[in-house]
Amino acid sequence: MLSEEKPLNQGSSWIVKSDNDKKMTTSSIFHSYTEQEFIRQAIKLFRFQYCHNKIYWEYCNRLKIKAEKVEKLEEIPFLPISFFKTHQVMTTVFKPEIIFSSSGTTGMISSKHYVKTLKIYEDSFIKGFDFFYGNPDQYAFLALLPNYLEREGSSLILMVEKLMNLSCHRHSGFYLYDHQALFAKLQELKSVHVKTILFGVSFALLDFVEAYQLHFPELIVFETGGMKGRRKEMVKEELHQYLKEGFGVAHIHSEYGMCELLSQAYSSGNNLFVTPPWMKFLLRDEKDPLSVTTDAKSGVINVIDFANLYSCSFIATEDLGRRGPDGKIEILGRLDSAEIRGCNLLIM
């Protein structure tokens, strides 16, 4: 559980809190919440990270936030995502078990996420996947993620690899550029009626459907974004239309994830995303970064991710979003002033 202690209020100084000072566990994070339960958990987590995260405390202090008076989600300061490029964003003092990094593009600084324990990330994506798609053992998992396989520090590769292991399906596997072998495997899986999920980076999926056409209506295709300069950027709807025709499916699924977050939101079509219970999207005014509301219809996306227990759970992204009548968030693209990350969604 999160500590009930009041936030430290030391003016311009900060007391480094060691790992031994933590008073919380992850056991109560990954479950459903009522709205009030979510708010209470978020406030407790904010106070914990305010006390134990030097970078976050300094950011709050610069904003003249009186942490003990924060009582609403909109009052919690959201750390700009760019801090993961320039600082070690860590809550408590620890030696990370793994460091995730963003793919970036040539000449750009990569973000780094210092993860205290890999189990937190695994618990988050396994429970999140199960929440939306069921037990991984129902599926064969295929992955067309060449650019992620060719570098270290990819949280996406680790997630897909773990899902393959949990599936224990003999047909699961990664593919680099052997599209012919992937096409043959998809045809085989279709013929024997195996539930199949294909994760693919945008440019590789486009390359595949330009060479091979398939009619596999039951296939779940996850487009993970990222042209990385390999191809001309496309409007998301145009990209998905090409992919739907190429794979013979009614919808293209997507995952909203990044190295700075340990949880993922999912879209089952139309670029509309839903978060798991321990994650929430809020929208802020594009011209006023500190103006955050729970009922805004459009704006820049702020994310609350309880799984970011030992980094920062309150992240101000550079992605634009629009809230639909059912509460789902449509991803509209990036802020004009934001750098183009390798793992970003396609520009509108």
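Just so we're aligned, residue 64 is where the sequence shown starts under the working numbering, counting upward by one. In this text, a Cβ means the ideal position worked out from N, Cα and C, and glycines have one as well.
Query                                                                                                                                                      : Result
Can you give me the C-alpha to C-alpha distance between Q201 and R233, rounded to a whole angstrom?                                                        : 12 Å
Which parts of the segment 233-279 are runs of the alpha helix (DSSP H), unbroken and 4 residues or longer, counting only runs that do not cross its ends? : 242-254, 265-274
Ignore the nearest five residues each way along the sequence and tell me which others in K85's own chain have a CB closer than 6 Å to its CB.              : Its pLDDT being 49, under 50, K85 is placed unreliably by the model, and the measurement read from it follows with that caveat. Once the five neighbours on either side are set aside, the close Cβ partners of K85 are T155.
Mind checking which residues open and close the alpha helix (DSSP H) that includes A130?                                                                   : From DSSP, A130 is part of no alpha helix (DSSP H); its letter is neither H nor E.
V355 and E137: beta carbons closer than 9 Å?                                                                                                               : yes
Does DSSP put M413 in a helix, a strand or coil?                                                                                                           : This structure gives no information on residue 413, because the portion of the chain shown stretches from 64 to 411.
Please confirm if M153 has its CB atom under 9 Å from at least one CB of chain D.                                                                          : Considering every chain present, this structure includes no chain D. It has just one protein chain.
Quick one: grab the DSSP three-state call for L395.                                                                                                        : strand
Quick one: grab the DSSP three-state call for G362.                                                                                                        : strand
Round the Cβ separation of Y305 and L261 to the nearest angstrom and send it over; I've been treating them as touching at under 8 Å.                       : Not a contact, Cβ separation roughly 15 Å.
Does DSSP put E286 in a helix, a strand or coil?                                                                                                           : strand
Tell me which residues share the same chain as P340 and place their Cβ nearer than 6 Å to its Cβ, disregarding the 5 neighbours each side in the sequence. : S95, Y96
Could you name the residues that DSSP lists as bridge partners for V178?                                                                                   : I161
Taking 8 Å as the cut-off, is the beta-carbon of Q104 closer than that to any non-hydrogen atom of the ligand COA?                                         : The ligand content of the structure shown is nil, which means the ligand COA is not present either.
Could you work out which residue in F109, Y184, F195 is closest to Y329 when comparing CA atoms only?                                                      : F195
Run through DSSP, which three-state label would H316 get?                                                                                                  : strand
Within 8 Å, do at least three Cβ pairs link the segment 301-318 to the segment 271-287?                                                                    : yes
For D351, does the three-state DSSP call read helix, strand or coil?                                                                                       : coil
In terms of alpha-carbon separation, which member of A379, Y113, T180 lies closest to E131?                                                                : Y113
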